[in-house]
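Everything on this sheet refers to the single structure shown next.
In the working numbering, the protein residues as written are 1 to 161.
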C-alpha cells in the first residue's frame with residue numbers, strides 16, 4: 001500500500017542541535033507526503049520566498065510544518081520555570097504534549113526551516129539505511145539464490161623468488 005495512504009507510516013527527524021545529546025533525544029515524527037501534499041508544500045515554499053521574511057513567511061512556514069509533522073517524542077521543558085505552549089502551562093522537566101498549534105511555540109524559525117527541509121527530503125521515502133534496517137524479510141534466502149563457494153582443488157604454486 002502506498003505510504004501516503006497509511007497515516008501511521010512516519011519517519012523520525014532529530015534536529016542538528018539535538019544530534020549530539022544523550023538519548024533519549026528529542027525527535028519529530030514526519031508524514032510521508034502524497035504528490036498533492038508535496039505540491040502544496042512546494043507552493044508554500046514559493047510563498048515563503050516571495051514574502052522575503054516577516055510574519056507572512058512565518059505563517060506559511062508553520063502551515064507547511066503542520067502538514068508535514070505528525071508528532072514528536074522526548075520534548076521536555078528544559079527551563080527552571082513553567083513555560084506556555086499552545087495556551088497550556090508546562091511545568092519544568094515535564095514532557096510537552098504534541099499539538100499542531102504548538103509547533104511555533106517550541107521551534108525557532110531556523111529550526112522550523114531545518115525541520116521543513118528534512119520533512120520534504122525524507123518524505124520521498126525511506127533512505128538506503130532505513131531500508132537495510134527494515135524488519136521486512138529479504139525477498140529470497142541466501143541458499144535459494146547462491147551456493148557456497150567451493151575451494152579450488154588445484155594445488156597452489158609458490159611465487160617465483
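Using N, Cα and C, we set each Cβ at its ideal position, and we do this for glycine too.
Here residue 30 carries a strand assignment [DSSP, helix/strand/coil].
Only buried fits residue 102, as 16 or more other CB atoms lie within 10 angstroms of its CB. In the three-state DSSP reduction, residue 118 falls in the helix class (H, G or I). Under DSSP, residue 84 forms a beta bridge with 89. Among the bridge pairs identified by DSSP, residue 72 is matched with 28. Per DSSP, reduced to three states, the secondary structure at residue 12 is strand. Counting along the chain, the unbroken alpha helix (DSSP H) around residue 42 starts and ends at 35-51.
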